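**Q** Those protein sequences? They're chains A and B, same order as listed. Take 1 as the starting number for the first sequence in our numbering and just add one per residue. Take 311 as the starting number for the second sequence in our numbering and just add one per residue. Each residue gets a CB set at the ideal place from its N, CA and C atoms; glycine is no exception. Small disclaimer: the values here were computed from a predicted structure and weren't measured.
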Amino acid sequence: MASASVIEISGLSKTYGSGSKQTAALRNLNLNVQQGEIFGYLGPNGAGKTTTIRMLLDLIRPSSGSASIFGMDIRDHSVEIHRRIGFLPGELSLWEGRTGQQIIHYVASVRGDTKDITKQAEELAQRLQLDTSKRVRDLSSGNKRKLGLVLAMMHSPELLVLDEPTNGLDPLVQQTFHEMMDEYRDKGKTVFLSSHILSEVQAICDRAGILRDGDLKAVESIEKLMNVEFHWVDVQFRDAVPERLARQLELSNDISDLNINGSRVKMRLVGDFDPLLRMLSEGYVKDLRVEEPSLEDIFLAYYSDGREAR
Amino acid sequence: MIGSVFLETYKQTWKQMVYWGVGLAAMALMVVLMVPLFDMQDVKDLLETFPPIILAMVGIGKELEIFATNEGFVAMGFFGKSALIFAVYPVVMGMRITANEEDAGTMDVLLSLPVQRARVIVEKFLAYSVSIVGVVLLIYLGMQLGVSIAGVDLDVARLAEVTFYLIPLMVFIMAVTMLIAVVVRRRSIALGIVTAFVIASYMLQTIGAVAEGTVAEPIGSISFLTYYNAGDILTEGFIWPHIAGFVVVSAVLLLASLYQYERRDIAV
């Protein structure tokens, strides 16, 4: 049975300014996020990730298009939607003079349930090793981020919207965060997570969308994104690379990023291996390693002009 | 939960309310303590030697008789044009309703919770209005303390009227600040516009007072400060149409803020 869509975005656009100074932050975004999945929203700074998230939260209004969460329009039912979601902003700002506990109590009281939420917040804080008795101004950026995660998750929302969630977190806490995300998925909850950290998306997410200059370039499962038709090939010859072979490699249409260094050759191979193997028989191959492209390679491929990953 | 934003806003503000209240109360106390040091008839005689423009600039009109009384001395020394100082606190509070939170980025966190924008504004507006009442109460207590210490003969009821008249004035200034901040979004620009508004109001009132009896006199009526005149309150008590004016205009400004804030993007 197909999962229900938690987030449905249709033709969403956002432009700032007017006339000749008009700039498009997001163009005609169409996207569905299913219940129970962790969706990675990838893109460099300025790609439109935060703009999308702020529109979903009704903090800014779309120039055109529409979006719904849990089947409800993001503008008409923002209060009902916000009751069921948890949000962590990319640049988290909290009330500097208040302690973590006071802020937790404040947010819980706005949510209308201080007792259960506060208890859950204590457990989360303990798990993330956060001291909530300190004032926000005395917290490190990593600890502020932890407090932000506690605030986003303490009411066990059905949907988590996280903008660059692990920014500033140390590796151990990042690991805890990854475990928490797995638990969220296991409970059938949904996470919409923006990031520019590819390894994070690769480790946590089920699907990812790649955003560039306000345009969504691709939406694929992480598995499929990894399954692009190129590989990194690293060949170690016993002797120096034969000149004839070097010429053949340079002329091949399937090979790029060629790097010949003495007896070693590194290259990016598109397509089948057979033609390359025939060429390599010119010399004595001592070692041959093939690497799957990392998400970073895929990412770069999407971002390189005129060279999209296949 | 209804009232949670109000309560938190008040918790975040009460210390500033006390600091401001105690500071202004100390000023009021000082003015009352000075009453026994002067012969009020001498003060009146001295004032009569000043050109009208100078008197207008310190908030004294033609009603010099009032200033020959102890109450008039306090009104002149504390509630006169130095009343401009009372504009600072509501401007600071008005900026906090939306501009400061947007500037700091905390509004994103607040509005991501199940709460309507209108509720945030109304609850914050009410919380800061309560803090204004607190400041004014402290001023009044400072004045009462001065009366007890100095043992002077003052019509406390009349001074209470002058003091509590500050509440609608300050709430009005806060409402103006809030609307400007909601419209222009940026804190620094909003602050500049509000400052210009208060200074322009002061100048218009002064021009109106100096130009009494001339065609330029109605200019003064444009200024909100014209509707807070300590001398008039001392002679007439609460001027209800003026108070109603402040309340109605503040309510209109609040509604305009709600309308505008509901329609615009939250700044970062």
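1) In chain A, which residues lie with their C-beta within 8 Å of the C-beta of B:Leu436?
2) For a test of the three-state rule: what should DSSP assign to A:Gly40, helix, strand or coil?
3) According to DSSP, is A:Ala24 helix, strand or coil?
4) Does B:Ile431 pass the burial test, meaning 16 or more other C-beta atoms within 10 Å, or should it be called exposed?
5) Using beta carbons (cut-off 9 Å, strictly below), is B:Glu471 in contact with chain A?
6) Comparing the C-beta of A:Ser68 with each C-beta of chain B, is any distance below 9 Å?
7) Measuring only between beta-carbons, confirm whether A:Gln102 sits less than 9 Å from chain B.
8) Going by DSSP, what residues sit across from A:Asn259 in a beta bridge?
9) Check whether the Cβ atoms of A:Met267 and A:Leu245 lie closer than 9 Å to each other.
10) On the criterion of 16 or more Cβ atoms from any shown chain inside 10 Å, does A:Asp76 qualify as buried, or is it exposed?
11) Taking DSSP's pairing of strands, which residues face A:Gln102 in a bridge?
12) When DSSP builds the beta bridges, which residues end up paired with A:Leu159?
13) When DSSP builds the beta bridges, which residues end up paired with A:Asp215?
14) I'd like to know if A:Leu269 contacts chain B, where contact means its C-beta is closer than 9 Å to some C-beta of that chain.
15) By a C-beta neighbour count over all protein chains shown, 10 Å radius and 16 as the cutoff for buried, is B:Phe396 buried or exposed?
16) If I'm right that A:Ile38 touches A:Cys205 with Cβ under 8 Å, what's the distance once you round it to whole angstroms?
17) According to DSSP, simplified to helix, strand and coil, what is A:Thr15?
18) What whole-angstrom Cβ distance do B:Met484 and B:Pro400 have, given they're in contact under 8 Å?
19) Does the Cβ of A:Arg238 have 16 or more other Cβ atoms within 10 Å, making it buried, or fewer, making it exposed?
20) How about A:Arg289 and A:Val233: are their beta carbons less than 9 Å apart?
21) Starting from A:Gly65, follow the beta strand (DSSP E) in both directions and report where the run begins and ends.
22) At a cut of 8 Å, does the segment 4-21 of chain A reach the segment 49-67 of chain A through at least three beta carbon pairs?
23) Taking only runs of the beta strand (DSSP E) that begin and end inside the segment 97-156 of chain A, which ones reach a length of at least 3 residues, in chain order?
24) Between A:Glu80 and chain B, is the shortest Cβ-Cβ distance under 9 Å, so that the two count as touching?
25) List the residues of chain B whose Cβ lies closer than 8 Å to the Cβ of A:Tyr106, in chain order.
26) Under 9 Å, Cβ to Cβ, is there at least one residue of chain B near A:Ser109?
27) Under a three-way DSSP split, which group does B:Met403 fall into?
28) Touch check for the segment 164-178 of chain A and the segment 102-115 of chain A: three-plus C-beta pairs under 8 Å?
29) Looking at chain A, is there any beta carbon in it that lies within less than 9 Å of the beta carbon of B:Gln322?
30) Quick check on B:Val446: does DSSP put it in helix, strand or coil?
31) What span of residues does the alpha helix (DSSP H) with A:Leu35 cover, start to end?
32) Is any beta-carbon of chain A found at less than 9 Å from that of B:Pro424?
33) Roughly how many angstroms lie between the CA atoms of B:Tyr450 and B:Gly523, to the nearest whole one?
34) Here's the rule: buried if 16 or more other CB atoms are within 10 angstroms of the residue's CB, otherwise exposed. What is B:Arg574?
35) Spell out the partners DSSP gives A:Phe237 in its beta bridges.
36) Taking only three categories from DSSP, how would you classify A:Glu292?
**A** The short version:
1) What B:Leu436 touches in chain A: nothing, since even the nearest Cβ is about 16 Å away.
2) A:Gly40 falls in the strand class under three-state DSSP.
3) The answer is strand: DSSP assigns A:Ala24 an E or B state.
4) That one is buried.
5) Nearest CB-CB separation between B:Glu471 and chain A: not below the 9 Å threshold.
6) False, the Cβ-Cβ gap to chain B never drops below 9 Å.
7) It does: the Cβ of A:Gln102 has a partner Cβ on chain B nearer than 9 Å.
8) BP columns for A:Asn259 point to A:Lys266.
9) Against a cut-off of 9 Å, the Cβ pair of A:Leu245 and A:Met267 comes out as no contact.
10) It is exposed - the Cβ of A:Asp76 has fewer than 16 other Cβ atoms within 10 Å.
11) Per DSSP, A:Gln102 has no beta bridge partner at all.
12) A:Leu159 is bridged to A:Ile85 and A:Thr190.
13) According to DSSP, A:Asp215 bridges with A:Arg212.
14) Not closer than 9 Å to any Cβ of chain B, the Cβ of A:Leu269 fails to qualify, so no.
15) Answer is buried; the Cβ neighbour count reaches 16.
16) With a Cβ gap of about 5 Å, A:Ile38 and A:Cys205 count as contacting.
17) DSSP places A:Thr15 in strand when its eight states are reduced to three.
18) Confirmed, about 4 Å.
19) By the 10 Å Cβ count, A:Arg238 comes out exposed.
20) Contact flag set, yes.
21) Looking at the DSSP string, the run of the beta strand (DSSP E) that includes A:Gly65 is Ser64 to Ile69.
22) Yes, since at least three Cβ pairs between the segment 4-21 of chain A and the segment 49-67 of chain A fall closer than 8 Å, the two stretches touch.
23) At a cut-off of 3 residues, not a single continuous stretch assigned as beta strand (DSSP E) sits fully inside the segment 97-156 of chain A.
24) Yes, A:Glu80 counts as interfacial toward chain B.
25) Correct list: Ser314 and Glu318.
26) So yes, A:Ser109 belongs to the interface.
27) Secondary structure of B:Met403 (DSSP, three-state): helix.
28) Segment contact: the segment 164-178 of chain A against the segment 102-115 of chain A, fewer than three CB-CB distances shorter than 8 Å; contact not assigned.
29) It does: the Cβ of B:Gln322 has a partner Cβ on chain A nearer than 9 Å.
30) Of the three classes helix, strand and coil, the one that applies to B:Val446 here is helix, per DSSP.
31) Note on identity: in this sequence residue 35 of chain A is Gln, with Leu being the wrong assignment. Element bounds for A:Gln35: n/a, residue is neither H nor E.
32) Chain A contact via Cβ: present.
33) Straight-line Cα distance between these residues: approximately 35 Å.
34) It counts as exposed.
35) Checking the DSSP bridge columns, you'll see A:Phe237 partnered with A:Val285.
36) The answer is coil: DSSP assigns A:Glu292 none of H, G, I, E or B.
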